[in-house]
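Quick note, the sequences are listed as chains A and B, same order.
Position 54 (the first sequence) corresponds to 59 in the numbering used here; numbering is contiguous.
Position 274 (the second sequence) corresponds to 765 in the numbering used here; numbering is contiguous.
Cβ coordinates follow ideal geometry from the N, Cα and C atoms, glycine included.
Here's the structure, in structure tokens; my notes come after.
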Amino acid sequence: MSRGGRTGGRGRGAALAVGPLVFLALFFAWPLTLVLSRGLGVDGALLAPLRDVLTDPYLQQVARFTLGQALASTLLTLLVGMPVAAVLSTLDFRGRRVIEAATIVPFVLPTVVVGTAFVALLGRLAPVVDLRQTTLAILLAHVFFNVSVVVRTVGGLWRHLDAAPVLAARTLGATRLRAFLHVTLPRLRPAIGAAAAVVFLFTFTSFGVVLILGGPGRSTLEVEIHRATSQLLDLRTAAALSVLQLLAVVATLGVYDRTRRRHAARPLARAALSLRPAAGPRDRMAIAGMLGLLMLVQGLPLLALLERSLRVGDGWGLAHFRSLGAPTREAVMSVAPAVAVRNSLLFALAATLIAMVVGTSAALAAVGGSRAGRLMDGALMLPLGTSAVTLGLGLLLAFRTGAFAGRGAILLVPLAQALVAVPFVVRTMLPVLRGIDRRLREAAATLGAAPRRVWREIDLPIVSRAGLVAAGFAFAVTVGEFGATIFVARASNPTVPVAIHRALGLPGAVNLGRAMALSVLLALITGATVLLIDRIRVGAVGRF
Amino acid sequence: MGLLEVAGLRAGYGDGPDVLSDVHLDVRSGEVVALLGASGSGKSTLLRCIAGLHPLRSGDVTLDGRDLRRVSVEQRGIGLVFQDHALFPHHDVTGNVAFGPRMQGLDRAETAARVARALADVGLGHLAHRAIDELSGGEQQRVALARALATRPRLLLLDEPYGSLDRPLRERLVDELPGLVRGEDIGALLVTHDQQEALRAADRVAVMVAGTVRQLDTPERLWADPVDAEVAAFLGVGVLLDAEMHGGVASGAFGALTLPPPLRTSSAAGGDGPARLLLPRRALRAIAAPGGPDAAGDRAAAGATLTATLVEVRFAGERHRIDLVLGDGTRLTLLSDDVSGLPSPGAAVTLAVDVDALRVFPPGQ
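Printed below as a string of structure tokens:
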């Protein structure tokens, strides 16, 4: 009966936890330990590498810039995101859902694509105002990325807020503005805090965007780790910087977790959507303003990217796309960009497969309630909090020699990408698995379904939809992964983001055009994947 | 012999104390038994034990004479209607109702016939292909009932199935239940904490207090003869007073009442000494002020009387509600058609007492 079933479930949960834990130990914990021990100077003078890093004037400036740009980016993102969230979560109008779905696309676009899009935009703007290699360019790119974090997080809470308190405030004499400031805003505070923490985290560890858009004096810790590793071959400094970065990330995650918990503690009227149909000139102006803002910060860079990819000399054409099949002439070790596309797709598929196997068994173990499963739940979030560059550095330190050296090195790419994708898989699957009402299984049993049949009839159909969404996310994340991949990808086997970065570094209009064309391709692949899974999610999984 | 027999059932959670202890219960074919109790009294756990969703520590559960202890949940042939329905969100109405017949291995035609019949029984034939989240609460409840009926169970268990519905709808659905059960010639056990619901639907009512069935009887007998003070208090039959028994007279701060001979010798009274006296509402009638013109005649006709203070008289729709305070401070509410002759609030009122309806319980309950 149920007692036996429960113990069986627990045993199975523990067994399912073994695979993911081994995976984590081998490809995350061990590499990270190597980074930590090097960064902390465990092998020599303890803390010496950290001291050296902290007293280096140049690196001090890097740390200050990293913090400053992250704070400014967060503030700017909130300033842009809040009005958008306000319109999308209070007014109902034609096309609202499409716009909402579209705002997620920039967030999942690979950082390299965003960097390239801004290169295109800034190049176009240069005759009027030259923002190339400025801090403002980096901030704008960060806003482009993270507006959807604010819109989704704050808007998600906003639209479920009971409208009655605002109406009560209005009857008590408050103006719209005062009602917002004194009633709505305080209730949104947990969501705003959570969104700000996430945006801060993303921008603090920003890599691709800063690598492409930043210039001298505008380097973040993340970029510096990469530079120390790949240009200076100074792994000691790279590791020490990683330790610094980890400390900052852990502190931010702590703040995020606190606000999130407070957020979760608030009861929400889930059914009560406070959307009202848009009517009157004031609403129309609000919608137009919101669309204009989105167009400015998100639409324009993408349009510039598209335009630049199609511009050939003084005319238009698909020459850049056609040229993707030929190897780069200017570079010594060159492969055709088309090879990079093939590589990216194959690596991403392999990484998705790995992430799905690891993530799904981890989620199943976590939901089983075994101790190993609970451990897993927390452990699997760690790669999410660790910067991709640190992961890449760790993998490099761990597997420079041995099984993954030489020809085996090619396996490191999907492994590194899978590490980044696993948390997404777990986060997508776990709520769905947890959300399966125990009584649904009981109902199936009382209707004559034996345990195996219950799994097939109840759990499987519900889980497989979540699995589809998780796989889509994993694919979108891995196909554009840059930070970890750039450490482990061999020159002979680049992925698209790596190839874009390389092409941007080469002289000549042809290379720039190719970078643009590759970016458009990559944007199309990720954008299409995400829009597709967003449809599945709204259609089915979202209901549970 | 009952359809369902539960004897000496004990159950609990983990290593904790018994949540259910020594439960005895039976349900006959064609009968609705209501399992009535406060929340936390173990009603739902008992239902889950019978369905096979919760393990027994000891005791017997038989259905049609078949020992269910070694029969797994999916083979018991018991239909369970869950609180909040537990409908499968990934199936439509038909998919939900067809689930049981499919599990029984019936072919398509037979399954379709079962589904059509079950949906017709609950009046939902027109919604066969609706998605679950497009149904109203009442429709969902009917789908849950149809889903349970489609397996042709011998016994139907309903766990507060109407809890989430508004009152008029709930009353209509409750009223339909007995006909459905008799029509299918099955038994039904309905868990509820609502007395009105129990009275509307049930042929017999089992009162659960603190993890056991204290009394299982027809509603009439339950109200006339509650087995102990807790059952009487839960049903709200009347007020319970602390009394001193002496030579067939129950006395206390409320006054004194001479009990009829059968009550004096009943074992529950336990002879002379302290006791709890149940003053059922239907045994009381407010007649007039003690000093009023008709009082002497009424009092002679009424036999035993008590004196109370009138707090308030209110029209409560159809009848009047009379709030009183007895001599010992106990508050009491009576319903009456006729309130003419009652004094103004604050004055004393005579209560005529039908002593045959009184009950005496041991003290301390």
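If you check the beta carbons only, do A525/B and V700/B fall under 8 Å apart? The residue you call residue 525/B lines up with position 34 of the second sequence. The residue you call residue 700/B lines up with position 209 of the second sequence. It is not a contact, given that the beta carbons lie outside the stated cut-off.
I think V572/B touches L626/B, with their Cβ atoms under 8 Å apart; what is that distance to the nearest whole Å? Working through the second sequence from its first residue, we reach residue 572/B at position 81. Working through the second sequence from its first residue, we reach residue 626/B at position 135. That pair is no contact at about 15 Å.
In terms of residue numbering, what span does the beta strand (DSSP E) encompassing S549/B cover? As a first step, residue 549/B is located in the second sequence; it is residue number 58 there, counting from the start. Counting along the chain, the beta strand (DSSP E) containing S549/B begins and ends at 549-554.
At a Cβ threshold of 8 Å, is D464/A touching chain B? Residue 464/A sits at position 459 when you count from the first residue of the first sequence. For D464/A, the answer is no, since every Cβ of chain B falls outside 8 Å of its Cβ.
At what residues does the beta strand (DSSP E) containing F806/B begin and finish? For the purposes of this step, residue 806/B is identified with residue 315 of the second sequence, where counting begins at 1. Where F806/B is concerned, the enclosing beta strand (DSSP E) starts and stops at 796-806.
L571/B CB to nearest chain A CB: under 8 Å? The sequence position of residue 571/B within the second sequence is 80, counting from 1. Interface residue, yes.
Give the secondary structure of D57/A by DSSP, where H, G and I count as helix, E and B as strand, and everything else as coil. Indexing the first sequence from 1 puts residue 57/A at position 52. Note: D57/A maps to helix in three-state DSSP.
Under 8 Å, do A75/A and F209/A count as touching if we go by C-beta distance? In the first sequence, the residue the question calls residue 75/A occupies position 70. In the first sequence, the residue the question calls residue 209/A occupies position 204. In this structure, A75/A lies near F209/A, with their beta-carbon atoms less than 8 Å apart.
Spatial distance of L825/B from D814/B (CA atoms): By one-based count along the second sequence, residue 825/B stands at place 334. By one-based count along the second sequence, residue 814/B stands at place 323. Each residue's alpha carbon lies about 7 Å from the other.
Can you find a C-beta in chain A that's less than 8 Å from the C-beta of P836/B? What you label residue 836/B is simply residue 345 of the second sequence in a count that begins at 1. Residue-level contact by beta carbon fails for P836/B and chain A, as no gap is shorter than 8 Å.
Are any of the Cβ atoms in chain A nearer than 8 Å to that of V564/B? Position 73 of the second sequence, counting from 1, holds the residue named residue 564/B. Look at V564/B: its C-beta is under 8 Å from a C-beta on chain A.
DSSP three-state call for L310/A: helix, strand or coil? What you label residue 310/A is simply residue 305 of the first sequence in a count that begins at 1. The answer is helix: DSSP assigns L310/A an H, G or I state.
Taking three-plus beta-carbon pairs below 8 Å as touching, is the segment 79-94 of chain A in contact with the segment 145-153 of chain A? As far as the Cβ criterion goes, the segment 79-94 of chain A touches the segment 145-153 of chain A, which means the pair count is three or higher.
Taking contact to mean 3 or more Cβ pairs, one atom from each stretch, closer than 8 Å, check whether the segment 592-600 of chain B and the segment 441-458 of chain A are in contact. Pairwise C-beta distances place the segment 592-600 of chain B in contact with the segment 441-458 of chain A, as three or more of them are shorter than 8 Å.
Inter-residue Cα distance where the pair is L251/A and L387/A: Taking the first sequence and counting its residues from 1, the one referred to as residue 251/A is at position 246. Taking the first sequence and counting its residues from 1, the one referred to as residue 387/A is at position 382. Annotation: L251/A to L387/A spans about 11 Å, alpha carbon to alpha carbon.
Please check if any C-beta of chain A sits within less than 8 Å of the C-beta of H515/B. Along the second sequence, one-based indexing puts residue 515/B at 24. Not closer than 8 Å to any Cβ of chain A, the Cβ of H515/B fails to qualify, so no.
Kindly indicate which three-state DSSP category T395/A falls into: helix, strand or coil? Here residue 395/A refers to the residue found at position 390 of the first sequence. Residue state, collapsed to three classes: helix.
Closer than 7 Å at the beta carbon, the chain A residues around Q595/B: The sequence position of residue 595/B within the second sequence is 104, counting from 1. From the beta-carbon of Q595/B, the residues of chain A found nearer than 7 Å are G453.
Just how far apart, CA to CA, sit W163/A and A91/A? Translated into the one-based positions of the first sequence, residue 163/A becomes position 158. Translated into the one-based positions of the first sequence, residue 91/A becomes position 86. Looking at the two C-alpha atoms, the distance is approximately 8 Å.
In angstroms, rounded to a whole number, what distance separates the CA positions of E721/B and D733/B? If you number the second sequence from 1, residue 721/B lands on position 230. If you number the second sequence from 1, residue 733/B lands on position 242. Cα-Cα distance, rounded: 14 Å.
Can you tell me whether S549/B is buried or exposed, with buried defined as 16 or more other CB within 10 angstroms of its CB? Taking the first residue of the second sequence as position 1, residue 549/B is located at position 58. Exposed, because fewer than 16 other Cβ atoms sit within 10 Å of the Cβ of S549/B.
Run down chain A in chain order and give the residues with a C-beta less than 9 Å from the C-beta of T824/B. Here residue 824/B refers to the residue found at position 333 when the second sequence is read from its first residue. By Cβ distance, chain A contributes nothing, its closest Cβ being about 36 Å from T824/B, past 9 Å.
Please tell me whether V588/B and V564/B are closer than 8 Å, where the distance is taken between their beta carbons. Locating residue 588/B in the second sequence gives position 97, where the first residue counts as 1. Locating residue 564/B in the second sequence gives position 73, where the first residue counts as 1. No, the pair does not count as a contact, with Cβ atoms beyond the cut-off.
Outcome for Y63/A when other beta-carbon atoms lying within 10 angstroms are tallied against a minimum of 16: The residue you call residue 63/A lines up with position 58 of the first sequence. Around the beta carbon of Y63/A, a 10 Å sphere encloses fewer than 16 other beta carbons of the protein chains shown; the residue is thus reported as exposed.
For H581/B, go through chain A and note every residue whose CB falls closer than 7 Å to its CB, in chain order. The residue given as residue 581/B occupies position 90 in the second sequence. At a C-beta separation below 7 Å, H581/B has these neighbours in chain A: P466, I467.
With 8 Å set as the bound, which would you pick, yes or no: does the beta-carbon of A448/A sit closer than that to a beta-carbon of chain B? On the first sequence, position 443 is the one that residue 448/A refers to. Yes, contact with chain B.
Relative to the alpha-carbon of D847/B, which residue among G678/B, V682/B, E496/B, D716/B has its alpha-carbon at the smallest distance? Here residue 847/B is taken as the residue at index 356 of the second sequence, counted from 1. Comparing Cα-Cα distances from D847/B to each of G678/B, V682/B, E496/B, D716/B, the minimum goes to D716/B.
Straight-line gap, V255/A to S235/A (C-alpha atoms, nearest Å): Numbered from 1 along the first sequence, position 250 holds the residue referred to as residue 255/A. Numbered from 1 along the first sequence, position 230 holds the residue referred to as residue 235/A. Distance between the alpha carbons of V255/A and S235/A: 26 Å.
Spatial distance of L618/B from D583/B (CA atoms): Within the second sequence, the letter at position 127 stands for residue 618/B. Within the second sequence, the letter at position 92 stands for residue 583/B. Cα-Cα distance, rounded: 9 Å.
With distances taken between CB atoms, is the gap from V501/A to A426/A smaller than 8 Å? For the purposes of this step, residue 501/A is taken as residue 496 along the first sequence, with counting starting at 1. For the purposes of this step, residue 426/A is taken as residue 421 along the first sequence, with counting starting at 1. A distance of 8 Å or more separates the beta carbons of V501/A and A426/A.
Answer yes if the segment 645-662 of chain B comes into contact with the segment 676-684 of chain B, meaning at least three C-beta pairs across the two stretches below 8 Å, and no otherwise. Touching, per the Cβ criterion.
Counting only beta-carbon separations shorter than 8 Å, does R102/A have a partner in chain B? Stepping through the first sequence from its first residue, residue 102/A is reached at position 97. With 8 Å as the cut-off, R102/A does not count as an interface residue toward chain B.
Please go through the same chain and pick out, in chain order, the residues whose beta-carbon is closer than 7 Å to the beta-carbon of R621/B, but skip the five residues on each side of it. One-based indexing of the second sequence puts residue 621/B at position 130. Residues of the same chain with a CB within less than 7 Å of the CB of R621/B, apart from the 5 flanking positions on each side, are D583, V584 in chain order.
Could you say which of R643/B, Q631/B, I623/B lies nearest to L660/B if we only look at CA atoms? Your numbering for residue 660/B matches position 169 in the second sequence. When each option's Cα is compared against that of L660/B, the closest is Q631/B.
Considering G44/A, what are the terminal residues of the beta strand (DSSP E) in which it resides? Residue 44/A sits at position 39 when you count from the first residue of the first sequence. Boundaries for G44/A: no beta strand (DSSP E) harbours it, while the alpha helix (DSSP H) harbouring it runs 35-45, taken from the DSSP string.
Residues of the segment 624-653 of chain B with a CB closer than 9 Å to any CB of chain A: list them in chain order, please. Per Cβ criterion, the list reads D624, A635, R638, A639, A641, T642, P644, L648.
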